[in-house]
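Participant: The structure follows.
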Amino acid sequence: MRLCLKKIFLTLFGATVTFLLVAVVGYQRREESSGRGLRASRLSVALSGRGAGERPLSERAPAARGLAHSRSPDREHQVELRDIFIAIKTTRRFHKSRLELLLETWISRVWEQTYIFTDDEDEELTIRTGHRVINTNCSSAHSRQALSCKMAAEYDVFIASRLKWFCHVDDDNYVNVRALLNLLSSFPPTQDVYVGKPSLDRPIEASEKLPNNKTKSVFFWFATGGAGFCINRGLALKMAPWASNGNFMNTAERIRLPDDCTIGYIIEAILGVNLIRSPLFHSHLENLQLVSKSHIQSQVTLSYGTFENKQNIIEMKGAFSVAEDPSRFKSIHCLLYPDTPWCP
């Protein structure tokens, strides 16, 4: 009986991996034809569970394995860690200065669900992450076209993954996965969910291109990509006519705004689904000193950077000094996971 079940499981698993590989290769061919191919030939290795040299999940730290069970067991709509696709947008020049910090901290707890979207090859990073680095071949410029190019890749690879939740973050975000699971578990599975934090105090106005060189004004809310946002699969599938197979770039060009604005345009202006505004997401565009240490455990994302020409970090006394930990991410990580071997 066990042998039979094992054969059935292996057959289904093999079929799933084959489907994902075909989907990603198809995307790669489409993108290469337009001059910006998505190099995801190693994605099938990533989706198999571990890369070369990686220990199997059963041998990793208990905290990493038990993260999905850290929530109250009586939740009606439990979202588990394995349901989430976390996409990190970055660029080659930040692989060392920013990604190294994330790999040491929160990614170490959720590496199997995390995919890094960048713009150049990095063999060392690819091996270290278990082949979860996707070279989009997009420009390394911080332009709306380059940003939208990477978001298009994130969307298509998420759709191919068949996972239930798409969560986008930047390379200067700390993701508190326990808080993220709690938040996503609070939504009914039948609800269309687009949750994040706007950076503006009013809807943005965009000029939508129309035929015959005409335009019209459209107003909508959007969640800033710098704080991170999440979309459930049901809503993501409804976005497909304007987001899949390269259509995201065309949609972004229609309003001539960056990637996070384009996400809001598709969801709010076209599909008529409202952004769920959450104060639990944070970007470097806000005053992070207003986030108190006592509230850190409930926050979904945190960040660091500059605000009004001053250092902008979470103000807390932690395991490391500001000189040792200028982003405060290591101190935050030790607060959330005191069992981490390198924490004092």
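Numbering-wise (my numbering), the sequence shown opens with residue 3 and increments by one. We put the CB at the ideal spot given by N, CA and C, even for glycine. No experiment lies behind these values; they were computed from the predicted model shown.
Using only CA atoms, which one of ALA89, LYS216 and ILE265 lies nearest to TRP244?
Facilitator: By 1-based counting over the sequence shown, the position of residue 244 is 242. If we check each option's Cα against that of TRP244, ILE265 comes out closest.
Participant: Assuming THR308 contacts ASN175 under a Cβ cut-off of 8 Å, what Cβ separation, rounded to an integer in Å, is found between them?
Facilitator: As a position in the sequence shown, residue 308 is number 306, starting the count at 1. As a position in the sequence shown, residue 175 is number 173, starting the count at 1. Not really, about 15 Å apart at Cβ, beyond 8 Å.
Participant: Can you tell which of TRP113, THR116, ARG130 and ILE136 has the C-alpha that lies nearest to the C-alpha of ASP122?
Facilitator: On the sequence shown, position 120 is the one that residue 122 refers to. Per the Cα distances, ILE136.
Participant: Using the C-alpha atoms, what's the distance from VAL324 back to ALA2?
Facilitator: Because the chain here runs from 3 to 346, residue 2 falls outside it and cannot be looked at.
Participant: Which residues bound the alpha helix (DSSP H) around ILE88?
Facilitator: For this step, residue 88 is matched to residue 86 along the sequence shown. Where ILE88 is concerned, there is no enclosing alpha helix (DSSP H), although the beta strand (DSSP E) it sits in stretches over 86-91.
Participant: Going straight from the alpha carbon of LYS423 to that of LEU277, what length do you get?
Facilitator: Given that the chain is displayed from residue 3 to residue 346, the structure contains no residue 423 and the question cannot be resolved.
Participant: When the Cα atoms are used, what is the spatial distance from PHE189 to VAL171?
Facilitator: Numbered from its first residue, the sequence shown carries residue 189 at position 187. Numbered from its first residue, the sequence shown carries residue 171 at position 169. Computed Cα separation, rounded: 20 Å.
Participant: Nearest by alpha-carbon distance to THR226: which of SER209, ASN178 and HIS286 is it?
Facilitator: Position 224 of the sequence shown, counting from 1, holds the residue named residue 226. Minimum Cα distance to THR226 is reached at HIS286.
Participant: Can you give me the Cβ contacts of ASN289 inside the same chain, cut-off strictly under 6 Å, excluding the 5 residues immediately before and after it?
Facilitator: In the sequence shown, counting from the first residue as 1, residue 289 sits at position 287. Contacts found: PHE309.
Participant: Report the rounded CA-to-CA distance for ASN139 versus LEU149, giving the unit in angstroms.
Facilitator: Along the sequence shown, read from residue 1 onward, the residue named residue 139 stands at position 137. Along the sequence shown, read from residue 1 onward, the residue named residue 149 stands at position 147. Using only the alpha carbons, I get a separation of about 12 Å.
Participant: Who pairs with CYS263 in a beta bridge, going by DSSP?
Facilitator: Here residue 263 is taken as the residue at index 261 of the sequence shown, counted from 1. For CYS263, which the question treats as bridged, DSSP gives no partner whatsoever.
Participant: Give me the Cα-Cα distance between ILE118 and GLN291, rounded to the nearest whole angstrom.
Facilitator: Here the question's residue 118 lines up with position 116 in the sequence shown. Here the question's residue 291 lines up with position 289 in the sequence shown. Approximately 28 Å, taken between the alpha carbons.
Participant: How would you label ALA143, buried or exposed, when you count the other beta carbons within 10 angstroms and need 16 or more for buried?
Facilitator: Against the sequence shown, residue 143 aligns to sequence position 141. Exposed, because fewer than 16 other Cβ atoms sit within 10 Å of the Cβ of ALA143.
Participant: Going by DSSP, what residue range makes up the beta strand (DSSP E) through LEU149?
Facilitator: Numbered from its first residue, the sequence shown carries residue 149 at position 147. No beta strand (DSSP E) holds LEU149; the alpha helix (DSSP H) holding it covers 146-163.
Participant: If distances are taken between C-alpha atoms only, which option among LYS199, ALA271, SER163 and THR217 comes closest to SER280?
Facilitator: Here residue 280 corresponds to residue number 278 of the sequence shown, with the count starting at 1. For SER280, the nearest C-alpha among the options comes from LYS199.
Participant: In chain order, which beta strand (DSSP E) runs of at least 3 residues are fully inside the region 276-346?
Facilitator: DSSP runs (the beta strand (DSSP E)) wholly in the region 276-346: 303-305, 307-309 and 312-314.
Participant: Here's the rule I'm using: 16 or more other beta-carbon atoms within 10 Å means buried, otherwise exposed. How should PRO191 be labelled?
Facilitator: As a working mapping, residue 191 is identified with position 189 in the sequence shown. Looking at its Cβ environment, which holds fewer than 16 other Cβ atoms inside 10 Å, PRO191 is exposed.
Participant: Which residue from ASN247, THR128 and LEU273 puts its Cα closest to that of VAL195?
Facilitator: Walking along the sequence shown from the start, residue 195 turns up at place 193. The residue with the shortest Cα to Cα distance from VAL195 is LEU273.
Participant: How about LEU105 and ARG130: are their beta carbons less than 8 Å apart?
Facilitator: If you number the sequence shown from 1, residue 105 lands on position 103. If you number the sequence shown from 1, residue 130 lands on position 128. Contact flag set, yes.
Participant: What is the DSSP secondary structure of SER110, counted as helix, strand or coil?
Facilitator: Indexing the sequence shown from 1 puts residue 110 at position 108. Correct three-state label for SER110: helix.
Participant: Tell me which same chain residues have a C-beta within less than 7 Å of the C-beta of THR342, skipping the five on either side of it?
Facilitator: For the purposes of this step, residue 342 is taken as the residue at position 340 of the sequence shown. These residues qualify, in order along the chain: HIS335 and CYS336.
Participant: Name the DSSP bridge partner or partners of SER142?
Facilitator: In the sequence shown, residue 142 corresponds to position 140, counting from 1. Paired residues: none, contrary to the question.
Participant: Quick check on DSSP: helix, strand or coil for SER219?
Facilitator: Position 217 of the sequence shown, counted from the first residue, corresponds to residue 219. Strand.
Participant: At the level of alpha carbons, what is the spacing between GLY230 and THR128?
Facilitator: Within the sequence shown, the letter at position 228 stands for residue 230. Within the sequence shown, the letter at position 126 stands for residue 128. Looking at the two C-alpha atoms, the distance is approximately 23 Å.
Participant: Determine the direct distance from the alpha carbon of LEU182 to that of PHE168, and round the result to whole angstroms.
Facilitator: One-based indexing of the sequence shown puts residue 168 at position 166. One-based indexing of the sequence shown puts residue 182 at position 180. For PHE168 and LEU182, the distance between alpha carbons rounds to 12 Å.
Participant: What number of angstroms, rounded off, separates the C-alpha of ILE109 from the C-alpha of LYS98?
Facilitator: Within the sequence shown, the letter at position 107 stands for residue 109. Within the sequence shown, the letter at position 96 stands for residue 98. In a straight line, the C-alpha of ILE109 is about 14 Å away from that of LYS98.
Participant: Could you check where the alpha helix (DSSP H) with ASN252 kicks off and where it finishes?
Facilitator: For the purposes of this step, residue 252 is identified with residue 250 of the sequence shown, where counting begins at 1. Looking at the DSSP string, the run of the alpha helix (DSSP H) that includes ASN252 is 249-257.
Participant: What does DSSP give as the partner residues of LYS1 in its beta bridges?
Facilitator: There is simply no residue 1 to check, as the chain begins at 3 and stops at 346 in what is shown.
Participant: What did DSSP end up calling HIS133 once you bin it into helix, strand or coil?
Facilitator: In the sequence shown, counting from the first residue as 1, residue 133 sits at position 131. Coil at HIS133, not helix or strand.
Participant: DSSP on HIS79, reduced to helix/strand/coil?
Facilitator: Reading the sequence shown from its first residue, position 77 is the one you call residue 79. If DSSP states are grouped into helix, strand and coil, HIS79 belongs with coil.
Participant: Could you please give the first and the last residue of the uninterrupted beta strand (DSSP E) stretch that includes ASN175?
Facilitator: Within the sequence shown, the letter at position 173 stands for residue 175. ASN175 -> beta strand (DSSP E) spans 175-177.
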